[in-house]
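Here the working numbering is used: the first residue of the sequence shown is 46, the next is one more, and so on. Some notes on the structure that comes next.
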Amino acid sequence: MGGNPGHIDETAVGKTYGEWFSHGLRGMVMRYVFSRRGLWVINTPYRRILSAASITPQDRVLDLGCGIGNILIALAERIAFTHPLLGVDVSPDLIRIGEREIARPGLRDRIRLQVAPATRLPFDDEAFDVVLTSHVLKHLDDDALRTSFREVARVLRPGGRFLLWEFEKSARSAILFWSARLSGLPPPFQLRTIAQLSDALRLAGFQRVVRVDTGVFLIPPVPRLALLATR
Ligand SMILES: C[S@@+](CC[C@H](N)C(=O)[O-])C[C@H]1O[C@@H](n2cnc3c(N)ncnc32)[C@H](O)[C@@H]1O
């Protein structure tokens, strides 16, 4: 996709995240904040949100844009899954760091990470019961969002659940846009409303879309939205 006019460069975003996580003090802070240990900072109410998907030990779970595996590690700590949990991220650097994060608590057999973009999931049709994605969709423009949602619908079995959360488009989120610009993050940085995301989910073939109460996020203190879509 990279470099094609009219298409976003998904790998460029992954490269920037890789640089942020790899060097100096910023790297240390990022590796903590996005780790299992740092979930309370940027994904404060993650347990409450995850409970909306009613995940069971038999579920085959995919985390899309898994970063360094924070959510998957938290899930594996609480639930004795019968299938390995899977995570994909467009950043090879983050997947490498994630492998170390998974090895630390001895979860190598229970969580598998691989590099893949949100628009091309390297999995068979109906391979999952649950797909999660948190704080990723802002990196997709409308075309890529449509493609990614179709991919999620394809890899979910009928009746499978897609739980997503992200910054919500609102006046209070404008600060994020400017900080993304200043940080050098490649575009897009596109926040959306619940209605916009719900429409895109229905267009991708999801039968039922319900809003999930997010609770309070500590940092950054801007509104999030969460949706549970059923295929
Ligand atoms: C803000 S981090 C969120 C990480 C984790 N999901 C969390 O909530 O802590 C965004 C992640 O999305 C990944 N990402 C961005 N664009 C992506 C794409 N097109 N496909 C797959 N992953 C992507 C980035 O590499 C990064 O790891």
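Cβ coordinates follow ideal geometry from the N, Cα and C atoms, glycine included. What you are looking at is a predicted structure, and each value in this text was computed from that prediction instead of being measured.
(Q) Suppose you measure from the CA of residue 336 to the CA of residue 172; what does that come to, to the nearest Å? (A) The structure shown does not extend to residue 336, since the chain is modelled only from 46 to 276, so the question has no answer here.
Q) Around the Cβ of residue 50, are there at least 16 other Cβ atoms within 10 angstroms (buried) or fewer (exposed)? A) Your numbering for residue 50 matches position 5 in the sequence shown. Its pLDDT being 48, under 50, residue 50 is placed unreliably in this model, and the value from its coordinates should be taken loosely. Burial call: exposed.
**Q.** Distance cut-off 7 Å: residue 76 Cβ against heavy atoms of ligand 3
**A.** In the structure shown, ligand 3 is absent; the only ligands present are ligand 1.
Q) Residues bridged to residue 132 by DSSP? A) The residue labelled residue 132 in the question sits at position 87 within the sequence shown. Partner(s): 108, 158.
Q: Express the C-alpha separation of residue 118 and residue 271 in angstroms, rounding to a whole number.
A: The count along the sequence shown starts at 1 and reaches residue 271 at position 226. The count along the sequence shown starts at 1 and reaches residue 118 at position 73. For residue 271 and residue 118, the distance between alpha carbons rounds to 20 Å.
Q: Select from 88, 64, 185 the residue whose C-alpha is nearest the C-alpha of residue 266.
A: As a position in the sequence shown, residue 266 is number 221, starting the count at 1. Nearest option by C-alpha distance: 88.
Q. Under a CB-based cut-off of 8 Å, is residue 233 close to chain D?
A. Looking for chain D here will not work: only one protein chain is present.
(Q) Is the separation between the beta-carbon of residue 218 and that of residue 230 shorter than 8 Å? (A) Against the sequence shown, residue 218 aligns to sequence position 173. Against the sequence shown, residue 230 aligns to sequence position 185. For residue 218 and residue 230, no; Cβs fall outside 8 Å.
(Q) Restricting to runs no shorter than 3 residues, where is the beta strand (DSSP E) found entirely within the region 217–252? (A) You should have found no qualifying run.
Q: Using three-state DSSP, classify residue 254 as helix, strand or coil.
A: Along the sequence shown, one-based indexing puts residue 254 at 209. Three-state result, residue 254: strand.
Q: Return the CA-CA distance between residue 153 and residue 275, expressed in angstroms with no decimal places.
A: The residue labelled residue 153 in the question sits at position 108 within the sequence shown. The residue labelled residue 275 in the question sits at position 230 within the sequence shown. Cα-Cα distance, rounded: 30 Å.
(Q) Which residue wins for smallest C-alpha separation from residue 103, given the options 110, 120, 112? (A) On the sequence shown, position 58 is the one that residue 103 refers to. Nearest option by C-alpha distance: 120.
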